[in-house]
Amino acid sequence: MTNRALMDKAIPKKITLLLPLPPKELSPNFNSPWAPKAKWFRIRARREYRKDCWWRALAHGRPSLWEPRRVCLTETYRIAGKRKRDVRNLFAAFKAGEDGLVDAGLLPGDDDSVLLHGSPSIERVKTKAEEGVVVEIEEIV
Numbered sequence: 000m001t002n003r004a005l006m007d008k009a010i011p012k013k014i015t016l017l018l019p020l021p022p023k024e025l026s027p028n029f030n031s032p033w034a035p036k037a038k039w040f041r042i043r044a045r046r047e048y049r050k051d052c053w054w055r056a057l058a059h060g061r062p063s064l065w066e067p068r069r070v071c072l073t074e075t076y077r078i079a080g081k082r083k084r085d086v087r088n089l090f091a092a093f094k095a096g097e098d099g100l101v102d103a104g105l106l107p108g109d110d111d112s113v114l115l116h117g118s119p120s121i122e123r124v125k126t127k128a129e130e131g132v133v134v135e136i137e138e139i140v
């Protein structure tokens with residue numbers, strides 16, 4: 000086996016982690032009846048969710064050889080209940096979580112030159128404890 004073949008086996012090609020669902024304040028359709036013009040609650044929610052995702056990504060651990068040039072990010076939103084959800088709103092609400100993954104070093108960036116988005120999907124689960132966002136980060140060769 001050549002050195003390159005050994006190196007290819009050692010470098011992970013895919014990382015999967017479970018993050019919490021974005022708070023409702025990050026949804027593009029969120030309206031607060033008590034403070035319709037104030038944006039501080041969105042700013043605080045965005046900051047806290049980004050930090051939470053950053054901590055969870057660091058706790059997951061970044062592989063030492065993980066230095067991809069381009070990646071594909073795919074989200075699966077695990078949601079309990081039968082209420083209908085708009086997957087595009089969930090996708091937009093997850094932007095702060097994506098920024099947390101960039102901060103943690105699992106994503107090389109969030110612009111179109113390094114990040115390709117897979118199609119987001121919704122998976123129904125039975126309990127609230129099982130809810131979350133399953134994030135798959137796959138290196139594009």
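Residue 35 in numbering that gives the first Met the number 0 sits at position 36 of the sequence shown; the count goes up by one each step and never skips.
Note that beta-carbon positions come from the ideal geometry of N, C-alpha and C, so glycine has one too.
The structure displayed is predicted, hence computed values, not measured ones.
- Query: What are the start and end residues of the beta strand (DSSP E) that includes I121?
  - Reply: S120 to V124
- Message: Please classify W54 as buried or exposed, where buried requires at least 16 neighbouring CB atoms within 10 angstroms.
- Response: exposed
- Task: For L5, name the three-state secondary structure that DSSP assigns.
- Result: Only weak support exists for where L5 lies, its pLDDT of 47 falling under 50; the value from the coordinates is given anyway. Helix at L5.
- For L17, which of helix, strand or coil comes out of DSSP? strand
- DSSP-derived helix/strand/coil call for G60: coil
- Query: Does the region 116–134 come close enough to the region 76–84 that 3 or more CB-CB pairs lie under 8 Å?
  - Reply: yes
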